[in-house]
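Chemist: After the structure tokens below, expect a handful of questions from me.
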Amino acid sequence: MGQSLPRARALWCGGALILLAALSACTTDDVMSLRPDVDVGAQTAAVPARGLQSLVPSNPMMTAYPRFNEPAPPTITMSADETACRRDLKKLGVQFRSLAPIDDGGACRIDFPVEVSAIGSAEMKPAATLSCAMAATFARWTRKELVPSARWRYLSGVKTIHQGSSYSCRNIRGSRGKPSQHSVGNALDIMRIELNNGKDIDVRKPGWFAFRQRGFLNNVRADGCDYFTTVLGPGYDYDHRNHFHFDIMPRKNGYVACK
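Using mature numbering (1 follows the signal peptide of the UniProt record, and there is no 0), the letters of the sequence shown map in sequence onto residues -21 to -1, 1 to 238.
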């Protein structure tokens, strides 16, 4: 009896130490490292910002840390261009809401952001936070290129567009501090397309014999060059192996980076 008590006490202490070590190994750093590599030309790098604003707000891997988007106040005054852009969104059948201005410091800001949840009958998951100009451009591409291509090749409409990053306060890795177009809401990364017939089309480079899928992805990617100023995807580099990056970065002489 005299020996069993110290032994039990030692076993309890050992178990407590093991539990403590296990808990200390599970840190938020491990969770944060799940961010996928999505951006123009290179992996992303967070730009210093306040609180959770430096996270990737629309990243499916970050759903435990959502961005709490506030609606635009009723007293906000928009420019004529912004007002006209919202009329265009309604004509294009975009389901959206106007958000309060975003200002995360530095280049990370959208004066009049919108949150897009659907384009026609095609749902956007998760909802994308964008500039109105980018939302309108993406909506036109969706209605005029993506949806018709899906109907032509798969005899089906588009059910859901799965996006991996919309607004995000970050630089382009290796660019010496050059802000990403995500940081101003002018970029969107598309991971996969889900059709009404149940077909789930992953943007990653299809296999050699996936002729229909390859043709579909090649078409919508090439047609995107008529709408966006940057179109990058699988085959461009390792960082774009699993998504299409679309943005409307202003460039001189009408140059379009379509790769």
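No residue lacks a Cβ here, since even glycine has one placed at the ideal position from N, Cα and C.
Remember, it's a predicted structure, so these values are computed and weren't measured experimentally.
Would you identify the three-state DSSP class for residue 208, choosing helix, strand or coil?
Modeler: As a working mapping, residue 208 is identified with position 229 in the sequence shown. Coil.
Chemist: Taking the beta carbon of residue 111 as the centre, do at least 16 other beta carbons fall within 10 Å, making it buried, or is it exposed?
Modeler: On the sequence shown, position 132 is the one that residue 111 refers to. Residue burial is scored here from C-beta neighbours: residue 111 has at least 16 other C-beta atoms within 10 angstroms and is therefore classed as buried.
Chemist: Can you have a look at residue 190 and say buried or exposed, based on whether 16 or more other CB atoms are within 10 angstroms of its CB?
Modeler: In the sequence shown, residue 190 corresponds to position 211, counting from 1. With fewer than 16 Cβ atoms within 10 Å of its Cβ, residue 190 is classed as exposed.
Chemist: Measure the CB-CB distance between residue 181 and residue 193 and report whether it falls below 8 Å.
Modeler: In the sequence shown, residue 181 corresponds to position 202, counting from 1. In the sequence shown, residue 193 corresponds to position 214, counting from 1. Not closer than 8 Å, so no.
Chemist: Looking at residue 121 and residue 145, is the spacing between their C-beta atoms short of 8 Å?
Modeler: By 1-based counting over the sequence shown, the position of residue 145 is 166. By 1-based counting over the sequence shown, the position of residue 121 is 142. It is not a contact, given that the beta carbons lie outside the stated cut-off.
Chemist: Quick check on DSSP: helix, strand or coil for residue 202?
Modeler: Translated into positions along the sequence shown, residue 202 becomes position 223. Three-state result, residue 202: helix.
Chemist: Do you know offhand how far residue 225's Cα is from residue 140's?
Modeler: Here residue 225 refers to the residue found at position 246 when the sequence shown is read from its first residue. Here residue 140 refers to the residue found at position 161 when the sequence shown is read from its first residue. Taking the straight line from one Cα to the other gives about 14 Å.
Chemist: Quick check on the DSSP output: the beta strand (DSSP E) that includes residue 76 runs from which residue to which?
Modeler: For the purposes of this step, residue 76 is identified with residue 97 of the sequence shown, where counting begins at 1. That run of the beta strand (DSSP E) goes 73 to 77.
Chemist: Which whole runs of the alpha helix (DSSP H) in the stretch 88 to 174 are 4 residues long or more, in chain order?
Modeler: Whole alpha helix (DSSP H) segments, 4+ residues: 111 to 120, 126 to 133.
Chemist: What is the DSSP secondary structure of residue 224, reduced to helix, strand or coil?
Modeler: Taking the sequence shown and counting its residues from 1, one reaches residue 224 at position 245. DSSP places residue 224 in strand when its eight states are reduced to three.
Chemist: What is the DSSP secondary structure of residue 236, reduced to helix, strand or coil?
Modeler: Residue 236 sits at position 257 when you count from the first residue of the sequence shown. Three-state DSSP puts residue 236 in a strand.
Chemist: Suppose you measure from the CA of residue 178 to the CA of residue 233; what does that come to, to the nearest Å?
Modeler: Looking up residue 178 in the sequence shown gives position 199. Looking up residue 233 in the sequence shown gives position 254. Roughly 36 Å between the two C-alpha positions.
Chemist: Can you tell me whether residue 94 is buried or exposed, with buried defined as 16 or more other CB within 10 angstroms of its CB?
Modeler: Along the sequence shown, read from residue 1 onward, the residue named residue 94 stands at position 115. By the beta-carbon neighbour count (other beta carbons within 10 angstroms, threshold 16), residue 94 is buried.
Chemist: How far does the beta strand (DSSP E) with residue 179 in it reach, from first residue to last?
Modeler: Translated into positions along the sequence shown, residue 179 becomes position 200. Start and end: 179 to 181.
Chemist: Starting from residue 49, trace the alpha helix (DSSP H) in both directions and tell me its first and last residue.
Modeler: Along the sequence shown, one-based indexing puts residue 49 at 70. Careful: residue 49 lies outside any alpha helix (DSSP H) and carries neither H nor E.
Chemist: Please state whether the Cβ-Cβ distance between residue 99 and residue 143 is less than 8 Å.
Modeler: Numbered from 1 along the sequence shown, position 120 holds the residue referred to as residue 99. Numbered from 1 along the sequence shown, position 164 holds the residue referred to as residue 143. It is not a contact, given that the beta carbons lie outside the stated cut-off.
Chemist: Specify the secondary structure class of residue 193 as computed by DSSP and reduced to three states.
Modeler: Start at 1 with the first residue of the sequence shown, and residue 193 comes out as number 214. In the structure shown, residue 193 sits in a helix (DSSP, three-state: H, G or I).
Chemist: Comparing alpha-carbon positions, which option in 202, 56, 197 lies nearest residue 239?
Modeler: Outside the shown range of the chain (-21 to 238) lies residue 239, about which nothing can therefore be said.
Chemist: Alpha carbon to alpha carbon, how far is residue 56 from residue 156? Give it in angstroms, no decimals.
Modeler: As a first step, residue 156 is located in the sequence shown; it is residue number 177 there, counting from the start. As a first step, residue 56 is located in the sequence shown; it is residue number 77 there, counting from the start. The alpha-carbon atoms of residue 156 and residue 56 are separated by roughly 32 Å.
Chemist: Given residue 176, which residues of its chain have a CB within under 7 Å of its CB, disregarding the five upstream and five downstream residues?
Modeler: The residue given as residue 176 occupies position 197 in the sequence shown. 133, 135.
Chemist: Leaving out five residues on either side along the sequence, give the residues of the same chain with a beta carbon under 7 Å from the beta carbon of residue 200.
Modeler: Taking the sequence shown and counting its residues from 1, one reaches residue 200 at position 221. For residue 200, where only same-chain residues beyond five positions count, the Cβ hits under 7 Å are 210, 212, 223.
Chemist: Following the continuous alpha helix (DSSP H) through residue 67, name the residue where it begins and the one where it ends.
Modeler: One-based indexing of the sequence shown puts residue 67 at position 88. Unbroken alpha helix (DSSP H) run through residue 67: 59 to 70.
Chemist: Going along the chain, which residues of its own chain have a beta-carbon closer than 6 Å to the beta-carbon of residue 80, five neighbours each way excluded?
Modeler: Position 101 of the sequence shown, counted from the start, is the residue given in the question as residue 80. The residues are 90.
Chemist: Rounded to a whole number of angstroms, what is the C-alpha to C-alpha distance between residue 162 and residue 148?
Modeler: Translated into positions along the sequence shown, residue 162 becomes position 183. Translated into positions along the sequence shown, residue 148 becomes position 169. Roughly 5 Å between the two C-alpha positions.
Chemist: Secondary structure at residue 83, three-state DSSP: helix, strand or coil?
Modeler: To locate residue 83, count along the sequence shown from 1; it is residue 104. Residue 83: coil per DSSP, three-state reduction.
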